[in-house]
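K.L.:
Before I ask anything, here is the structure I am working with.
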Amino acid sequence: MFVLISVSLWLISAFVRRSKVAKTAWRGHNLDALLRKAFQLPALKLDHSPAKDFSSASDYLKDCLQMLVLRQSFTRILPALLILILVLSQIISLAADVPTATDAKLLETGGAAKSGSKAAATIEFKIVQYNIRWRGGEDLRELIKVFKNDEEIGGAAVIGLQEVDRNKKRTGNTNTARLMAEELGMHYAWAAPPKAKGKESEEEETGVAILSPFPITDAQRIVLPHPGPGGRRRVALGATVHIGQNKLRVYSIHAETRTTNEKRLEQFKAVLDDLHAHQPKHAVVLGDFNTITGKDVKATSSLFTEKGFETPFPNDKATWKTFILKLKLDWLWLRGLEAGKYGIDKKIGFSDHWPLWTVVKLKDESAKK
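Its first residue numbered 22, the sequence shown is counted upward by one per residue in the working numbering.
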């Protein structure tokens, strides 16, 4: 808005300051050609920088404006000025909507560096959901061992994680998802939200991740609507896990804590919209949903049930604790999958959350090797 006001003021001042010298200088120019040039500006290749795109566009618009001011009457100039301002506003809008290089860096995928062979396709496999609360150092090493050997959450085919750091001092600037994938012989995808506006820290926000011994493709970073305190954002990650010839669409969500139930539901709907665009036969939506109150739990359960999802976990089972307070914050929803054994592994104490796990099988067909 500030830019548009500034441009408008400049347009008016240019009209007032027109001179005979300028008239002479611009007399030989082709007005129609300049106007056509201006109207083509929205199709110019953007530089992923609103400031640079604005500068390039405004140069053309200035040329066009000067022609109008110097050769036309005010009554004919005014409509053209309005059109030029609208064109400029469209360019600024397009530039702002283009993903920046920084945004692109907040989505990362990688292969199973230490995997000696491909994972065998199966119709029955384990899924784990865990908010690891940014574990690093020795805790992270121990957690990796748990994912290998624990009776309940060990040996999973799909792992969804939240609060996964990549470039933060508190975890030694360790790329947590990559390290875990390398040690577990898995593929991974990781995503993080943008930094809040005005935040001067070079550190990234904590992110979410999906790990699997099966190939992962089509990773999609979803910045959730409705910022939290201080403008902070939360993110979800969607990715397709290939189990034999079957495709499993998986989402890992870290929803906002301090917001209304209605706004949090809209964050979940943003994920479900992305899921709808893929139309998979099999889907998993898991994560830290931050459903603090009974109302939050009930509304979230209703939303996913209406969309054809099922979960083996009762609504009254806590997944998070602090001192004597226990809440159901974490969820694991299934569609096109049948849940068998399941549990909440309360002996795992790396985080204030407990990991959820379930063994599932494909409902409608066997995985093909």
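Virtual Cβ for every residue (Gly too), placed ideally from N, Cα, C.
Go through its chain and collect everything with a Cβ distance to GLU159's Cβ below 8 Å, but skip five positions before and after it.
P.N.:
In the sequence shown, counting from the first residue as 1, residue 159 sits at position 138. Around GLU159: no qualifying Cβ.
K.L.:
Go through its chain and collect everything with a Cβ distance to THR280's Cβ below 7 Å, but skip five positions before and after it.
P.N.:
The sequence position of residue 280 within the sequence shown is 259, counting from 1. So the list reads HIS247 and GLY249, once near-sequence residues are dropped.
K.L.:
Between which two residues does the alpha helix (DSSP H) containing ASN1 stretch?
P.N.:
Given that the chain is displayed from residue 22 to residue 390, the structure contains no residue 1 and the question cannot be resolved.
K.L.:
What residue from PRO333, ASN282 and GLY329 has the CA that sits closest to ILE313's CA?
P.N.:
Reading the sequence shown from its first residue, position 292 is the one you call residue 313. Of the candidates PRO333, ASN282 and GLY329, the one whose C-alpha sits nearest the C-alpha of ILE313 is ASN282.
K.L.:
Could you tell me the alpha carbon to alpha carbon distance between THR343 and LYS190, rounded to whole angstroms?
P.N.:
Here residue 343 refers to the residue found at position 322 of the sequence shown. Here residue 190 refers to the residue found at position 169 of the sequence shown. C-alpha of THR343 to C-alpha of LYS190: approximately 25 Å in a straight line.
K.L.:
Helix, strand or coil for ILE345? Go by DSSP, reduced to three states.
P.N.:
Here residue 345 corresponds to residue number 324 of the sequence shown, with the count starting at 1. In this structure, ILE345 counts as coil in the three-state DSSP scheme.
K.L.:
Terminal residues of the continuous alpha helix (DSSP H) containing ASN267?
P.N.:
For the purposes of this step, residue 267 is taken as residue 246 along the sequence shown, with counting starting at 1. Element bounds for ASN267: not the alpha helix (DSSP H) but the beta strand (DSSP E), 267-275.
K.L.:
From this set, LEU164, GLU145 and GLY132, which residue's C-alpha is nearest PHE371's C-alpha?
P.N.:
As a first step, residue 371 must be located in the sequence shown, where it is residue number 350. Checked all of LEU164, GLU145 and GLY132; the closest Cα to PHE371 is LEU164.
K.L.:
Locate the beta strand (DSSP E) running through ARG242, then write down its first and last residues.
P.N.:
Along the sequence shown, one-based indexing puts residue 242 at 221. Its beta strand (DSSP E) spans residues 237-244.
K.L.:
Just how far apart, CA to CA, sit ARG270 and LYS347?
P.N.:
Here residue 270 refers to the residue found at position 249 when the sequence shown is read from its first residue. Here residue 347 refers to the residue found at position 326 when the sequence shown is read from its first residue. Going from the Cα of ARG270 to the Cα of LYS347 covers about 30 Å.
K.L.:
Apart from the five residues on each side of it in sequence, which residues of its chain come closer than 8 Å, Cβ to Cβ, to GLY193?
P.N.:
In the sequence shown, residue 193 corresponds to position 172, counting from 1. Here the set comprises GLY157 and GLY158.
K.L.:
Let me confirm a value: PRO335 is counted as buried when at least 16 other C-beta atoms fall within 10 Å, else exposed. Which label applies?
P.N.:
On the sequence shown, position 314 is the one that residue 335 refers to. It is exposed - the Cβ of PRO335 has fewer than 16 other Cβ atoms within 10 Å.
K.L.:
For LYS290, which residues in the same chain have their Cβ closer than 8 Å to its Cβ, ignoring the five residues on either side in sequence?
P.N.:
Sequence index remark: in the sequence shown, residue 290 carries index 269 (1-based). Same-chain partners within the cutoff: LEU324.
K.L.:
Go ahead and label GLY392 buried or exposed: buried means 16 or more other beta carbons lie within 10 angstroms of its beta carbon, across all protein chains shown.
P.N.:
Lying outside 22 to 390, the shown extent of the chain, residue 392 is not represented and no answer is given.
K.L.:
Quick check on DSSP: helix, strand or coil for LYS319?
P.N.:
Position 298 of the sequence shown, counted from the start, is the residue given in the question as residue 319. LYS319 falls in the helix class under three-state DSSP.
K.L.:
Drop a sphere of 10 angstroms on the beta-carbon of ARG162, count the other beta-carbons inside from all chains shown, and report buried for 16 or more, exposed for fewer.
P.N.:
Start at 1 with the first residue of the sequence shown, and residue 162 comes out as number 141. ARG162 comes out exposed.
K.L.:
Quick one: residues in its chain with C-beta nearer than 6 Å to the C-beta of LYS302, no 5 flanking neighbours on either side, listed in chain order?
P.N.:
In the sequence shown, counting from the first residue as 1, residue 302 sits at position 281. GLY357.
K.L.:
Which residue's Cα is closest to the Cα of ARG254: HIS263, GLN241, ASP239 and GLN288?
P.N.:
As a working note, residue 254 is residue 233 in the sequence shown. Of HIS263, GLN241, ASP239 and GLN288, the smallest CA-CA separation from ARG254 is found for GLN288.
K.L.:
Using the Cα positions of ALA213 and LEU307, report the straight-line distance between them to the nearest angstrom.
P.N.:
Translated into the one-based positions of the sequence shown, residue 213 becomes position 192. Translated into the one-based positions of the sequence shown, residue 307 becomes position 286. The alpha-carbon atoms of ALA213 and LEU307 are separated by roughly 16 Å.
K.L.:
Within the same chain, show all residues whose beta-carbon is closer than 7 Å to that of LEU128, passing over the 5 residues directly before and after it, in chain order.
P.N.:
Position 107 of the sequence shown, counted from the start, is the residue given in the question as residue 128. Closer than 7 Å at the Cβ level, and outside the excluded window around LEU128, lie ALA212, ALA240 and ARG242.
K.L.:
Is it true that the CB of GLU226 sits closer than 8 Å to the CB of LYS218?
P.N.:
Numbered from 1 along the sequence shown, position 197 holds the residue referred to as residue 218. Numbered from 1 along the sequence shown, position 205 holds the residue referred to as residue 226. Not closer than 8 Å, so no.
K.L.:
Measure the beta-carbon distance from ALA210 to ILE231 and round it to whole angstroms, keeping in mind my assumption that it falls under 8 Å.
P.N.:
The residue you call residue 210 lines up with position 189 of the sequence shown. The residue you call residue 231 lines up with position 210 of the sequence shown. With a Cβ gap of about 5 Å, ALA210 and ILE231 count as contacting.
K.L.:
Since GLN183 and SER322 are thought to touch, with beta carbons under 8 Å apart, how far apart are those beta carbons, to the nearest angstrom?
P.N.:
Counting from 1 along the sequence shown, the entry for residue 183 is found at position 162. Counting from 1 along the sequence shown, the entry for residue 322 is found at position 301. That pair is no contact at about 20 Å.
K.L.:
Can you give the beta carbon distance from ALA133 to HIS208, rounded, assuming they're within the 8 Å contact cut?
P.N.:
As a working note, residue 133 is residue 112 in the sequence shown. As a working note, residue 208 is residue 187 in the sequence shown. Their Cβ separation, rounded to whole angstroms, is 5 Å, which keeps ALA133 and HIS208 in contact under 8 Å.
K.L.:
Determine which residues share a DSSP beta bridge with ASN152 and list them.
P.N.:
Start at 1 with the first residue of the sequence shown, and residue 152 comes out as number 131. Per DSSP, GLN183.
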